[in-house]
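Peer 1: Once you've had a glance at the structure underneath, I'll fire off some questions.
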Amino acid sequence: MRQKAKGAMGHTITLAALGTVTFMVLDGIWLGLLMNNFYREQLAPIARLADGGFAPNWPAALVVWGLLGTGISLLVIPRASTVPEAAAYGALFGLVVYGVYDFTNYSTLRQWPFVLTLADVAWGTAASAATSAVVKMIAR
416 MRQKAKGAMG HTITLAALGT VTFMVLDGIW LGLLMNNFYR EQLAPIARLA DGGFAPNWPA
476 ALVVWGLLGT GISLLVIPRA STVPEAAAYG ALFGLVVYGV YDFTNYSTLR QWPFVLTLAD
536 VAWGTAASAA TSAVVKMIAR
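If you read the sequence shown in the numbering used here, its first letter stands for residue 416, the second for the next number, and so on.
This is how it looks when you write it as structure tokens:
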């Protein structure tokens, strides 16, 4: 029984790592290429910027992606028996996580735009759905 638990733990860690990397790639495309100007304009008063671009705190960003990947591997993947179910549960996971984050910021930060709240929650929902689908496809 103990050996089986170790194998399950290793599998969960592998899935969390896969979710982390998938989220990193998706966020890199979304934030770095597709929506860079939008986020820079919306967050200009409060963002970490250098030479006109984002200068994130990379260790903190890695923690965020790691937590998202871990959440998906522990809370979404075990619940889903199919890839579409994983995408649906992943979307719900993203809606909750990004909703809490963005609406907390909107309720407490004077310079947090409502349009950013809506766009980021939509992104988090979609990215979590896609990441969950990828992880489930590989976890089969």
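Every residue, glycine too, gets a C-beta built ideally from N, C-alpha and C.
Predicted model, so just to flag it, every value in this text is computed and none were measured.
If M439 sits next to W480, beta carbons under 8 Å apart, how far is it from one beta carbon to the other, in whole angstroms?
Peer 2: Contact flag correct, Cβ pair sits at about 5 Å.
Peer 1: Are there 16 or more other CB atoms within 10 angstroms of the CB of L449, so buried, or fewer, so exposed?
Peer 2: Classification of L449: exposed, given that the 10 Å Cβ count is below 16.
Peer 1: Quick check on the DSSP output: the alpha helix (DSSP H) that includes I487 runs from which residue to which?
Peer 2: Element bounds for I487: n/a, residue is neither H nor E.
Peer 1: Start and end of the alpha helix (DSSP H) containing T546?
Peer 2: Residues F529 to A554.
Peer 1: Helix, strand or coil: which one does DSSP assign to G509?
Peer 2: G509 falls in the helix class under three-state DSSP.
Peer 1: How big is the Cα-Cα spacing for P528 and Q457?
Peer 2: When rounded, the distance between both Cα atoms is 7 Å.
Peer 1: In angstroms with no decimal places, state the Cα-to-Cα distance between N451 and A476.
Peer 2: In a straight line, the C-alpha of N451 is about 16 Å away from that of A476.
Peer 1: From which residue to which residue does the alpha helix (DSSP H) around N472 run?
Peer 2: Per DSSP, N472 belongs to no alpha helix (DSSP H) and is neither H nor E.
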